[in-house]
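Here the structure comes first, spelled out in structure tokens, and everything after it is commentary.
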Amino acid sequence: MNIDARVGMAVDGAQSALNSAAAVRTTVADAGALSLSQKQPPQPRFGTVENLLAGGIAGAFSKTCTAPLARLTILFQLQGMQSEAAVLSKPSLWREASRILNEEGVRAFWKGNMVTVAHRLPYSALNFYAYEKYNKFFYSNPILQSYLGNGSSSPFVHFVSGGLAGITAASATYPLDLVRTRLAAQRNTMYYQGIGHAFRTICREEGLLGLYKGLGATMLGVGPTLAINFATYESLKSFWLSHRPDDSTLIISLCCGSLAGVASSTATFPLDLVRRRKQVEGAGGRARVYNTGLFGTFKHIFKSEGMRGLYRGLLPEYYKVVPGVGITFMVYESLKTLLCPPPAP
């Protein structure tokens with residue numbers, strides 16, 4: 004009887020000890036979860052409408068602010084074409100800006116800006132929306148994560164997502180980009196009287212495929228451009244926050260976006276130059292200069308103008324992208340916070 008009692012007491016003691024250990028583990032786990040939740044601020048729920056709206060407004064606002072520099076870039080990129088060579092034989096940024104101001108007036112700096120905004124609203128909206136979706140796909144795919152590890156901090160994921168997002172947005176809105184380029188390239192002779200007239204004229208004279216002239220160079224250029232853009236921005240932003248987490252989000256977005264724009268433009272500018280020339284070639288009575296494909300055009304420019312010809316207009320491009328890309332990311336991040344403020348912790 005005493006033996007049974009002692010055994011029962013031992014069993015009860017062991018069970019009590021196990022229950023106490025389990026309670027301690029539960030308490031520790033709850034404390035760890037609470038500590039983790041305190042370290043990670045709650046994230047806002049960013050819906051489709053808010054994403055598209057923030058991206059579209061950010062792109063349109065940025066393009067409007069930098070429209071004069073964008074037009075100067077296009078005119079310099081077209082300088083090497085035969086029909087433009089005589090006019091810009093001695094290129095100078097300030098000389099060309101003065102010429103536009105004296106001959107065409109202040110409003111001429113925003114020539115084609117309406118179609119730019121019409122293009123940039125859907126383009127930028129689709130760009131940021133697709134980027135978020137591609138990121139979400141990579142983050143949530145267990146097979147990819149087994150190879151990539153922590154995708155939220157992987158520059159490779161941001162690079163691929165940015166490239167795919169750029170191709171998606173550019174292919175969907177390309178005709179508007181072509182019309183924008185042709186309107187901005189006009190000088191004193193107004194061959195196209197507006198967006199609608201430009202669309203009708205191009206379709207009548209060049210066919211429906213004329214709206215997609217230069218698409219190959221665009222696809223080759225926009226993918227790497229946006230890939231470098233987003234990857235550089237996210238990497239710089241993470242680095243900045245890791246060292247100065249209390250700095251203003253607006254300042255961080257503006258500075259990191261500006262540096263990302265410089266990096267992407269430097270790497271892909273020759274493709275953008277070829278794209279612009281292919282878009283304008285044969286328009287409004289211009290002579291056809293390049294009768295070959297994309298790589299043949301590269302070869303022609305390199306032989307006739309040298310390496311400098313492939314980077315013609317890079318200086319106004321820098322003046323444009325430094326504020327332009329920075330403003331885009333700054334406005335996008337601001338609208339994300341405004342439209343979807345993070346819930347209270």
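Counting from 4, one number per residue, gives the positions in the sequence shown under this note's numbering. Each residue gets a CB set at the ideal place from its N, CA and C atoms; glycine is no exception. Quantities reported herein were computed from a predicted structural model and do not represent experimental measurements.
Exposure label - Y132; buried when at least 16 CB within 10 Å: Residue 132 sits at position 129 when you count from the first residue of the sequence shown. Flag for Y132 reads buried.
Local conformation of V90 per DSSP, three classes: The residue given as residue 90 occupies position 87 in the sequence shown. The predicted model places V90 with a pLDDT of 45, which falls under 50 and marks its position as unreliable; any figure quoted below should be read in that light. In the structure shown, V90 sits in coil (DSSP, three-state: anything other than H, G, I, E or B).
Touch test, the segment 292–311 against the segment 235–244, Cβ-Cβ under 8 Å, three pairs minimum: With the cut-off at 8 Å, the segment 292–311 and the segment 235–244 do not touch.
Beta-carbon proximity check, S174 vs M117, cutoff 8 Å: Looking up residue 174 in the sequence shown gives position 171. Looking up residue 117 in the sequence shown gives position 114. By the CB criterion at 8 Å, S174 and M117 fall outside the cutoff.
Best match in P326, L342, C343 and T340 for proximity to F353 [C-alpha to C-alpha]: Given that the chain is displayed from residue 4 to residue 348, the structure contains no residue 353 and the question cannot be resolved.
Closest Cα partner of G169 within the set T69, I146, E209 and A234: Working through the sequence shown from its first residue, we reach residue 169 at position 166. Comparing Cα positions, the closest option is A234.
Simplified DSSP assignment, three categories, for R311: Along the sequence shown, read from residue 1 onward, the residue named residue 311 stands at position 308. It is helical.
Three-state class that DSSP yields for D275 in the structure shown: In the sequence shown, residue 275 corresponds to position 272, counting from 1. In this structure, DSSP gives D275 a helical state, which the three-state scheme calls helix.
Segment contact flag, the segment 241–258 with the segment 323–337, C-beta cutoff 8 Å, min 3 pairs: Touching, per the Cβ criterion.
CB contact flag (P227, T269, <8 Å): Mapped onto the sequence shown, residue 227 falls at position 224. Mapped onto the sequence shown, residue 269 falls at position 266. With contacts defined by Cβ atoms closer than 8 Å, P227 and T269 do not form a contacting pair.
At least three beta-carbon pairs within less than 8 Å, the segment 63–81 to the segment 317–326: Yes: at least three Cβ pairs fall under 8 Å.
Own chain partners of D180 with C-beta closer than 7 Å, once the 5 adjacent residues on each side are dropped: As a first step, residue 180 must be located in the sequence shown, where it is residue number 177. Result list for D180: H122, in chain order.
Euclidean distance between Cα positions of T340 and A172: For the purposes of this step, residue 340 is identified with residue 337 of the sequence shown, where counting begins at 1. For the purposes of this step, residue 172 is identified with residue 169 of the sequence shown, where counting begins at 1. Each residue's alpha carbon lies about 23 Å from the other.
G50 burial status per 10 Å Cβ neighbour count (16 or more: buried): For the purposes of this step, residue 50 is taken as the residue at position 47 of the sequence shown. With fewer than 16 other Cβ atoms within 10 Å, it is exposed.
Between the CA atoms of L317 and G264 - distance to the nearest angstrom: Against the sequence shown, residue 264 aligns to sequence position 261. Against the sequence shown, residue 317 aligns to sequence position 314. Each residue's alpha carbon lies about 12 Å from the other.
Simplified DSSP assignment, three categories, for C259: Position 256 of the sequence shown, counted from the start, is the residue given in the question as residue 259. DSSP places C259 in helix when its eight states are reduced to three.
Coarse secondary structure for N144, derived from DSSP in three states: Within the sequence shown, residue 144 is the residue found at index 141, counting from 1. When DSSP states are grouped into helix, strand and coil, N144 belongs to the coil group.
Close Cβ partners of A230 (< 6 Å) along its chain, the five nearest in sequence each way excluded: Numbered from its first residue, the sequence shown carries residue 230 at position 227. Hits under 6 Å: F162, G165 and G166.
Nearest-angstrom Cα separation, counted from G260 out to E308: Counted from its first residue, the sequence shown places residue 308 at position 305. Counted from its first residue, the sequence shown places residue 260 at position 257. Taking the CA atoms as reference points, E308 sits about 32 Å from G260.
Where V334 sits in the DSSP three-state scheme: Residue 334 sits at position 331 when you count from the first residue of the sequence shown. Under the three-state reduction of DSSP, V334 is assigned to helix.
Exposure label - L214; buried when at least 16 CB within 10 Å: Within the sequence shown, the letter at position 211 stands for residue 214. That one is buried.
DSSP state of K139 mapped onto helix, strand, coil: Taking the first residue of the sequence shown as 1, we reach residue 139 at position 136. K139 falls in the helix class under three-state DSSP.
Start-to-end residues for the alpha helix (DSSP H) that takes in P248: Mapped onto the sequence shown, residue 248 falls at position 245. Taken as a continuous stretch (DSSP letters only), P248 belongs to no alpha helix (DSSP H), as it is neither H nor E.
Exposed unless 16 or more other CB atoms sit within 10 angstroms - verdict on Y126: Numbered from its first residue, the sequence shown carries residue 126 at position 123. It counts as buried.
Buried or exposed (CB count within 10 angstroms, at least 16 for buried), K306: By one-based count along the sequence shown, residue 306 stands at place 303. Exposed, because fewer than 16 other Cβ atoms sit within 10 Å of the Cβ of K306.
Sub-8 Å separation of A220 and L274 beta-carbons: Taking the first residue of the sequence shown as 1, we reach residue 220 at position 217. Taking the first residue of the sequence shown as 1, we reach residue 274 at position 271. The Cβ-Cβ distance between A220 and L274 falls below 8 Å.
Distance CB(V283)-CB(R185) smaller than 8 Å: Position 280 of the sequence shown, counting from 1, holds the residue named residue 283. Position 182 of the sequence shown, counting from 1, holds the residue named residue 185. Note that the C-beta distance between V283 and R185 is below 8 Å.
Helix, strand or coil at C68 [DSSP, three-state]: Residue 68 sits at position 65 when you count from the first residue of the sequence shown. If DSSP states are grouped into helix, strand and coil, C68 belongs with the helices.
Distance between G58 and L338 (C-alpha atoms, nearest Å): As a first step, residue 338 is located in the sequence shown; it is residue number 335 there, counting from the start. As a first step, residue 58 is located in the sequence shown; it is residue number 55 there, counting from the start. The straight-line gap from Cα to Cα measures roughly 9 Å.
Best match in F79, Y194 and I198 for proximity to L96 [C-alpha to C-alpha]: Here residue 96 refers to the residue found at position 93 of the sequence shown. Taking the Cα of L96 as reference, the smallest distance to any Cα among F79, Y194 and I198 is reached at F79.
Spatial neighbours of L313 in its chain, beta-carbon cut-off 7 Å, leaving aside the 5 residues before and after: One-based indexing of the sequence shown puts residue 313 at position 310. If we look at L313 and ignore the five residues flanking it on each side, its Cβ neighbours are P273, L276, I304 and F305.
Contact belief for T119 with R203 at Cβ below 8 Å, rounded distance in angstroms: What you label residue 119 is simply residue 116 of the sequence shown in a count that begins at 1. What you label residue 203 is simply residue 200 of the sequence shown in a count that begins at 1. Going by Cβ atoms, the distance from T119 to R203 rounds to 19 Å, so no, they are not a contact pair.
Cα-Cα separation, I60 to A128: Taking the first residue of the sequence shown as position 1, residue 60 is located at position 57. Taking the first residue of the sequence shown as position 1, residue 128 is located at position 125. The straight-line gap from Cα to Cα measures roughly 8 Å.
Under 8 Å between C-beta atoms of K281 and K216: The residue given as residue 281 occupies position 278 in the sequence shown. The residue given as residue 216 occupies position 213 in the sequence shown. Cβ atoms of K281 and K216: closer than 8 Å.
First through last residue of the alpha helix (DSSP H) which encompasses T171: Reading the sequence shown from its first residue, position 168 is the one you call residue 171. For T171, the uninterrupted alpha helix (DSSP H) run begins and ends at P158 to A188, by DSSP.
Nearest to R278 (by Cα), restricted to the options L124, F141, P178 and S157: Numbered from its first residue, the sequence shown carries residue 278 at position 275. Closest option to R278, judged by alpha-carbon separation, among L124, F141, P178 and S157: P178.
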